[in-house]
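J.:
There are 2 protein chains.
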Amino acid sequence: MATKKRQAADPDREGPRRLSNLSHQILGVLLREPRSGYDIVKELHSFRPAKTSQVYPTLAELEEGGFVTSVDVDQKGRPNKRVYSVTDTGRAALTDWIGSEPEPPTQRDDFLTMIYSSWTKEPSVVLAMFERRLAYFEELIRSFENTVAALRANFPKEVDDPLHWRFSRYVLVLRRLEIYRLEVTWCHQVMDKLREKMKG
Amino acid sequence: MATKKRQAADPDREGPRRLSNLSHQILGVLLREPRSGYDIVKELHSFRPAKTSQVYPTLAELEEGGFVTSVDVDQKGRPNKRVYSVTDTGRAALTDWIGSEPEPPTQRDDFLTMIYSSWTKEPSVVLAMFERRLAYFEELIRSFENTVAALRANFPKEVDDPLHWRFSRYVLVLRRLEIYRLEVTWCHQVMDKLREKMKG
DNA sequence: GAATCCATGTAATTGGTTACATGATTCA
DNA sequence: TGAATCATGTAACCAATTACATGGATTC
C-alpha cells in the first residue's frame, strides 16, 4: 500500500471568501481523522445527506483554498483513493467560524407541508399517512438507540469528556434520538384526534 | 376599491412537470383564502422563511401553469396589490401530491455543525454558545404558547375538526412548540455536563 | 427626520439534486 | 448472473439567498 503526495496548490490561489455549510461539516469530519471523499459522504450521511456530486467538487475547492491537503493511496483489491487532511489554515477557519453567530435553523419536511393542507382529505387517508410516518421514525429510533448504546459501552470516558470529539458526537445523537421520540409521540397524539372524529 | 381581472394565461402554456416544495406551500396558503404575494410571505414566515425574491417568481410560474389566477386590486392610501386564488387545477395538483410519498425531511442548523466540532473549544466558550441558543428557543416558546392559547380560545371547535384548516394549523404549531421545548431541555442537559467538567 | 409597513419585482450568485459516466471486487 | 460496495468525478438543472431597485403612507 504505497502513498504519494500530490502536487501542492498554487500559493497565489484565492479561496472563497466564506466557506459553505457543507465545507464546515467536511472540515469537522476530517478534523477527527483523515478520510477519502467516499468515506466523508458515509460519515455525513448519518447526520445530513450529502451527494458525491457535491462533496467531491467541495473538496477540490477546499484544497484549492489551502484548507485541506490530500495524498493518493494505492490500494490492492479495490480502487485507489485520495485521502484528505485538514491543514492549520483549515483548522483555524473552522474554529473561527464556531465563535460566530449561527444563522437560525431551517428545515424542509414535505410531510408537514402535506399536513398543512390535509384538512382537504378524508381523515382515514390522513391516518394512513401518519402510519407511514410513524414507521419511518420508529425505524430511526431503533438505529439511533443502537448507536447510543454502542457509544456508551465502548467509549464511556470519551463520551463524557467535552474535549473529546466523541462527546460532541454523543450529545448530537442523543438530541436526534429524543427528537425522533417526540415525532412518534406527536404522531400518536394527532392519530388519536383523527380516530376520535372518525368514529364520532 | 375597484378590482379587475388580469389577462388569462396562454392555453398552450407548459407548466413545470413537478411543482416545487414552495409551490405546494403557497397553494396550501391560498387554499385557505386568497392573498397577495406580500401576505403569502408573511403567512409562510411563521413556519418557513421565504423571501419575496423567491415567492413572486414562483407565483408567476404558478399562474403561467394555470394553478392560480390573480386579480389586481386598487387600494387607496397604500400601493395596489395583486391577489391570487387557487384554481381547480391547482387544488387537484395539491391534493394529488398529498397522496404521494414524501421525501425524507432535511434540516440545516449551523449551531449543530458548530457543536460537532466544539470539542476543540474551551467548555466555557461552548457554554456561552448554548446560553444564546437557549435564549433563542425560549423566546420562540413564548411566541408559540401565545399562538396556541389564542387558537384554543378563539376557535375551540375548528381546532378539533380534522376537516377544518385550523386543525392542520393547530397540530403543526403544537408540534413546533414541543420541539422547541425539547431543544431547551437538551441545551440544559449538555450545559450540565459542561459545567460538571469545568469545576471537576 | 428616520424607521417601518405596504407592495412588487430583477439580476447575480451560491447551494444542492438528478442524471450520467466508469470500473474493479465481493458476495449471494 | 446480478446486486452491493468501493471509488471518483462531470454536466445540467432546480432551489434559495443576497443584493439591488422603487416608492407612497404611517408612526415615532
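Line by line, the protein sequences give chains A and B. The opening residue of the first sequence carries number 30 in the numbering used here; numbering runs sequentially from there. The opening residue of the second sequence carries number 30 in the numbering used here; numbering runs sequentially from there. All C-beta atoms in this analysis are idealised placements derived from N, C-alpha and C, irrespective of residue type, glycine included. Computed from a prediction, not measured in an experiment: that's the story for all the values here.
Residues of the segment 125-143 of chain A with a CB closer than 9 Å to any CB of chain B: list them in chain order, please.
T.: Answer in chain order: 126, 127, 128, 129, 130, 131, 132, 133, 134, 135, 136, 137, 138, 139, 140, 141, 142, 143.
J.: Are the beta-carbon atoms belonging to residue 161 (chain A) and residue 50 (chain B) less than 7 Å from one another?
T.: Taking the first residue of the first sequence as position 1, residue 161 (chain A) is located at position 132. Taking the first residue of the second sequence as position 1, residue 50 (chain B) is located at position 21. No, they are not a contact pair.
J.: Are the beta-carbon atoms belonging to residue 197 (chain B) and residue 145 (chain A) less than 7 Å from one another?
T.: Locating residue 197 (chain B) in the second sequence gives position 168, counting from the first residue. Locating residue 145 (chain A) in the first sequence gives position 116, counting from the first residue. Yes. Within cutoff.
J.: Alpha carbons only, please: which of B:211, B:213, B:175, B:212 is nearest the one belonging to residue 199 (chain B)?
T.: Within the second sequence, numbered from 1, the residue matching residue 199 (chain B) stands at position 170. Per the Cα distances, B:175.
J.: Can you check whether the C-beta of residue 63 (chain B) is within less than 7 Å of a C-beta belonging to chain A?
T.: Indexing the second sequence from 1 puts residue 63 (chain B) at position 34. Not an interface residue.
J.: Give the residues of chain A in contact with residue 105 (chain B), contact being defined as C-beta atoms less than 8 Å apart.
T.: Numbered from 1 along the second sequence, position 76 holds the residue referred to as residue 105 (chain B). By Cβ distance, chain A contributes nothing, its closest Cβ being about 34 Å from residue 105 (chain B), past 8 Å.
J.: So which residues of chain A does residue 196 (chain B) contact, with C-beta pairs closer than 7 Å?
T.: Counting from one through the second sequence, the residue named residue 196 (chain B) turns up at place 167. Neighbours of residue 196 (chain B) on chain A, chain order: 148.
J.: Measuring straight from C-alpha to C-alpha, what distance separates residue 140 (chain A) and residue 159 (chain B)?
T.: Locating residue 140 (chain A) in the first sequence gives position 111, counting from the first residue. Locating residue 159 (chain B) in the second sequence gives position 130, counting from the first residue. Rounded to whole angstroms, residue 140 (chain A) to residue 159 (chain B) spans 30 Å at the Cα level.
J.: Can you look up residue 135 (chain B) in the DSSP assignment and give me helix, strand or coil?
T.: In the second sequence, counting from the first residue as 1, residue 135 (chain B) sits at position 106. Residue 135 (chain B) falls in the strand class under three-state DSSP.
J.: Assign residue 68 (chain A) to one of three DSSP states: helix, strand, or coil.
T.: Position 39 of the first sequence, counted from the start, is the residue given in the question as residue 68 (chain A). If DSSP states are grouped into helix, strand and coil, residue 68 (chain A) belongs with the helices.
J.: Find out if the Cβ-Cβ distance for the pair residue 127 (chain A), residue 143 (chain B) is shorter than 7 Å.
T.: As a first step, residue 127 (chain A) must be located in the first sequence, where it is residue number 98. As a first step, residue 143 (chain B) must be located in the second sequence, where it is residue number 114. Yes, the pair counts as a contact, with Cβ atoms nearer than the cut-off.
J.: To the nearest angstrom, report how far apart residue 250 (chain A) and residue 47 (chain A) are at their CA atoms.
T.: Chain A is shown only over 30 to 229; residue 250 (chain A) falls outside these bounds and no answer can be derived.
J.: Cα-Cα, which of B:157, B:217, B:166, B:115 is closest to residue 60 (chain B)?
T.: Against the second sequence, residue 60 (chain B) aligns to sequence position 31. Of B:157, B:217, B:166, B:115, the residue nearest in Cα terms is B:115.
J.: Following the continuous beta strand (DSSP E) through residue 99 (chain A), name the residue where it begins and the one where it ends.
T.: Position 70 of the first sequence, counted from the start, is the residue given in the question as residue 99 (chain A). Where residue 99 (chain A) is concerned, the enclosing beta strand (DSSP E) stretches over 97-102.
J.: At which residues does the beta strand (DSSP E) containing residue 114 (chain A) begin and terminate?
T.: Taking the first sequence and counting its residues from 1, the one referred to as residue 114 (chain A) is at position 85. From DSSP, the beta strand (DSSP E) with residue 114 (chain A) extends over 110-115.
J.: In whole angstroms, give me the CA-to-CA distance for residue 89 (chain A) and residue 119 (chain A).
T.: Taking the first sequence and counting its residues from 1, one reaches residue 89 (chain A) at position 60. Taking the first sequence and counting its residues from 1, one reaches residue 119 (chain A) at position 90. Near 13 Å, if we compare the C-alpha coordinates of residue 119 (chain A) and residue 89 (chain A).
J.: Does residue 95 (chain A) have its Cβ less than 7 Å from a Cβ in chain B?
T.: To locate residue 95 (chain A), count along the first sequence from 1; it is residue 66. Answer no: the Cβ-Cβ gap between residue 95 (chain A) and chain B never drops below 7 Å.
J.: Who are the Cβ neighbours of residue 190 (chain A) in its own chain at under 6 Å, not counting the five residues just before and after it?
T.: As a working mapping, residue 190 (chain A) is identified with position 161 in the first sequence. Once the five neighbours on either side are set aside, the close Cβ partners of residue 190 (chain A) are 196.
J.: Three-state secondary structure (DSSP) at residue 94 (chain B)?
T.: Counting from one through the second sequence, the residue named residue 94 (chain B) turns up at place 65. Of the three classes helix, strand and coil, the one that applies to residue 94 (chain B) here is coil, per DSSP.
J.: Do you know whose CA, among A:97, A:117, A:124, A:165, lies nearest residue 111 (chain A)'s CA?
T.: On the first sequence, position 82 is the one that residue 111 (chain A) refers to. Residue 111 (chain A) has its Cα closest to that of A:97, out of A:97, A:117, A:124, A:165.
J.: Between the segment 48-75 of chain B and chain A, which residues of the former have a C-beta closer than 7 Å to a C-beta of the latter?
T.: Hits within the stretch, in order: 50, 53, 54, 57, 60.
J.: In terms of residues, what are the limits of the alpha helix (DSSP H) holding residue 168 (chain B)?
T.: Here residue 168 (chain B) is taken as the residue at index 139 of the second sequence, counted from 1. It spans 152-183 - the alpha helix (DSSP H) in which residue 168 (chain B) sits, taken as one unbroken run.
J.: In angstroms, rounded to a whole number, what distance separates the CA positions of residue 78 (chain A) and residue 125 (chain B)?
T.: Position 49 of the first sequence, counting from 1, holds the residue named residue 78 (chain A). Position 96 of the second sequence, counting from 1, holds the residue named residue 125 (chain B). Residue 78 (chain A) and residue 125 (chain B): Cα-Cα distance of roughly 27 Å.
J.: Can you list, in chain order, the residues of its chain with a C-beta nearer than 6 Å to that of residue 194 (chain B)? Leave out the 5 residues immediately preceding and following it.
T.: One-based indexing of the second sequence puts residue 194 (chain B) at position 165. Excluding sequence neighbours, residue 194 (chain B) sits near 61.
J.: Leaving out five residues before and five after residue 70 (chain A) in sequence, what residues of the same chain have Cβ atoms less than 7 Å from its Cβ?
T.: Position 41 of the first sequence, counted from the start, is the residue given in the question as residue 70 (chain A). 79, 81, 84, listed in sequence order.
J.: Is the separation between the beta-carbon of residue 123 (chain A) and that of residue 192 (chain A) shorter than 7 Å?
T.: For the purposes of this step, residue 123 (chain A) is taken as the residue at position 94 of the first sequence. For the purposes of this step, residue 192 (chain A) is taken as the residue at position 163 of the first sequence. No, Cβ-Cβ distance for residue 123 (chain A) and residue 192 (chain A) is not below 7 Å.
J.: In this structure, how does DSSP classify residue 77 (chain A) when only helix, strand and coil are distinguished?
T.: Looking up residue 77 (chain A) in the first sequence gives position 48. Correct three-state label for residue 77 (chain A): coil.
J.: Please work out which residues of its chain come closer than 7 Å, Cβ to Cβ, to residue 210 (chain A), disregarding the five sequence neighbours upstream and downstream, and give them in chain order.
T.: Looking up residue 210 (chain A) in the first sequence gives position 181. So the qualifying residues of the chain are 170.
J.: Taking residue 222 (chain B) as the query, report the chain A residues whose CB atoms sit under 9 Å from its CB, ordered along the chain.
T.: Here residue 222 (chain B) corresponds to residue number 193 of the second sequence, with the count starting at 1. Under the 9 Å cutoff, chain A gives 189, 191, 196, 200.
J.: Could you give the distance in angstroms between the alpha-carbon of residue 154 (chain B) and the alpha-carbon of residue 184 (chain A)?
T.: Numbered from 1 along the second sequence, position 125 holds the residue referred to as residue 154 (chain B). Numbered from 1 along the first sequence, position 155 holds the residue referred to as residue 184 (chain A). Near 24 Å, if we compare the C-alpha coordinates of residue 184 (chain A) and residue 154 (chain B).
J.: Taking residue 60 (chain A) as part of the alpha helix (DSSP H), name the residues at either end of that continuous run.
T.: For the purposes of this step, residue 60 (chain A) is taken as residue 31 along the first sequence, with counting starting at 1. First-last of the alpha helix (DSSP H) with residue 60 (chain A): 50-61.
J.: Please confirm whether residue 87 (chain A) and residue 129 (chain A) have their CB atoms less than 7 Å apart.
T.: On the first sequence, position 58 is the one that residue 87 (chain A) refers to. On the first sequence, position 100 is the one that residue 129 (chain A) refers to. No, the Cβ-Cβ distance between residue 87 (chain A) and residue 129 (chain A) is not below 7 Å.
J.: Do you know offhand how far residue 205 (chain B)'s Cα is from residue 134 (chain B)'s?
T.: In the second sequence, residue 205 (chain B) corresponds to position 176, counting from 1. In the second sequence, residue 134 (chain B) corresponds to position 105, counting from 1. So the two alpha carbons sit approximately 15 Å from each other.
J.: For residue 76 (chain A), which option in A:217, A:216, A:213, A:203 has the closest C-alpha, if you only look at C-alpha atoms?
T.: By one-based count along the first sequence, residue 76 (chain A) stands at place 47. Of the candidates A:217, A:216, A:213, A:203, the one whose C-alpha sits nearest the C-alpha of residue 76 (chain A) is A:203.
J.: Among the residues of its own chain, which have a CB less than 8 Å from the CB of residue 173 (chain B), if the five just before and after it don't count?
T.: Residue numbering aside, residue 173 (chain B) sits at position 144 when the second sequence is read from its first letter. The residues are 202, 205, 206, 209.
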